[in-house]
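First to last, the sequence lines map onto chains A and B. Number 160 marks the last residue of the first sequence (our numbering); no jumps. Number 320 marks the last residue of the second sequence (our numbering); no jumps. A virtual CB, placed ideally from N, CA and C, is assigned to each residue, including glycine. Below is one structure, written out as structure tokens, with a few remarks after it.
2 protein chains.
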Amino acid sequence: MRLRLNRKYLKTIQGHSLTSQRHLLLELIGEAHGHIDAKELYQRAINRGESISLATLYRSLNLFKQLDLIDEHHIGRGCRCYEIKQAIEHQHTVCKCCGKVFDFKSNLIRKLVDEVQREQGFDVSSVTLCLEGCCEQCRKKAIPVKKLIENKEGNNHANL
Amino acid sequence: MRLRLNRKYLKTIQGHSLTSQRHLLLELIGEAHGHIDAKELYQRAINRGESISLATLYRSLNLFKQLDLIDEHHIGRGCRCYEIKQAIEHQHTVCKCCGKVFDFKSNLIRKLVDEVQREQGFDVSSVTLCLEGCCEQCRKKAIPVKKLIENKEGNNHANL
DNA sequence: TTGCGATTGAGTCTCAATCTCATTGATTGG
DNA sequence: CCAATCAATGAGATTGAGACTCAATCGCAA
């Protein structure tokens, strides 16, 4: 009944057409090696000469999320980041100085989740852990970092 | 040079006047026993007959944050929650069914932070951990919960 | 080629949060 | 007591992320 003689959408994603826009987005997310946000994705698409509307971008991201192709993280100030779904669960550290996001894994997370399930009777379905601070490289440079810390203790933050 | 003979602002918060609006907000946040957002704060202020503008509300929250009087959390979909600063660091679980937010403490967190500092050379200054799932009460009711879980495994998410 | 269902883009809308700017009001020096 | 000052406020405009709307388009089977 359904002979696949498609020309363009030869490939599908779990039943959904792999359109050029979706292909582009998946490619961009993949190339980003993790942690890219909607705005940046949009920019990179534009820079590549391929236009895509913001609506499609957001729709596609939500679709990918539903299909478990990507992970969405809320890092920092509510801004959502996306990355290709990883086989192994991992968490993030965010450097306040350079803004970079790093991955890390720890089996303490599992222990923690077990502990909460046991002691609170809370059935955990998703874990969001984000450690903010200062990465090794920035600590070595150490110039802006110290300043920030000193400012923080005395005064208001300098403009970040 | 600066004789304090103030009539109204007898009290100050680290140099900042304790105005009626700020007093009200601190009171409301305190009474909320944790995890209240800006909108809800605004509503409660209105309901109490005391008017306050949204601008002042947000300004005050930012001030309190700077002065380390309150903690700000990004729970769930980007909406910010506030609570009076706790002496003991704690983390949150959020029930997806009833929406309630619970606190928990675990010394595994400290271990985890130590691990990251040691292995990544990352200097952690703040920890955000949020476990989403289903609380004990909702699990006991178990009617909507099971449905959600079954839907999740088979199909796309039902509309949440 | 026609009709369907899925997909897209442009623009609109919503909502949280911030910014602007004129006004208020407490404080202080004269 | 008055004028100057400066922090704080309120009303409303603005911003930005993200969702929504709707007409147009596209792939595809008949």
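Under the three-state reduction of DSSP output, Phe122/A falls in the coil class, being neither helix nor strand. In this structure, DSSP gives Glu31/A a helical state, which the three-state scheme calls helix. In summary, the residues of the stretch 126-143 of chain A whose CB is separated from some CB of chain B by less than 8 angstroms are Ser126, Val127, Thr128, Leu129, Cys130, Leu131, Glu132, Gly133, Cys134, Cys135, Glu136, Arg139, in the order they occur in the chain. Scanning Arg299/B, Leu291/B, Cys257/B for the CA closest to the CA of His233/B turns up Leu291/B.
The criterion of a C-beta distance shorter than 7 angstroms is not satisfied by Lys271/B and Leu129/A. Using a Cβ-Cβ cut-off of 7 angstroms, Phe104/A counts as an interface residue toward chain B, since at least one Cβ of chain B sits closer than that to its own. Lys65/A and Arg118/A have their C-alpha atoms roughly 29 angstroms apart.
Under the Cβ criterion (8 angstroms, minimum of three pairs), the stretch 28-39 of chain A counts as touching the stretch 79-86 of chain A. Listed along chain B are Gly293, Cys294, Arg299, each with a C-beta nearer than 7 angstroms to that of Asp123/A.
One alpha carbon belongs to Lys105/A, the other to Gly30/A, and they sit about 20 angstroms apart. Annotation for Cys95/A: the continuous beta strand (DSSP E) segment containing it runs 91-95. Taken through DSSP and simplified to helix, strand or coil, Ile109/A comes out as helix. When Gly133/A, Ile13/A, Arg139/A, Lys141/A are compared, the shortest CA-CA separation from Ile70/A is found for Ile13/A.
About 11 angstroms separates the CB atoms of Leu184/B and Tyr202/B; that is not less than 8 angstroms, and the two are not in contact. By the CB criterion at 7 angstroms, Thr179/B and Phe122/A fall outside the cutoff. Neighbours of Gln280/B across chain A, judged by C-beta separation under 8 angstroms: Thr93, Phe102, Phe104, Cys135, Glu136.
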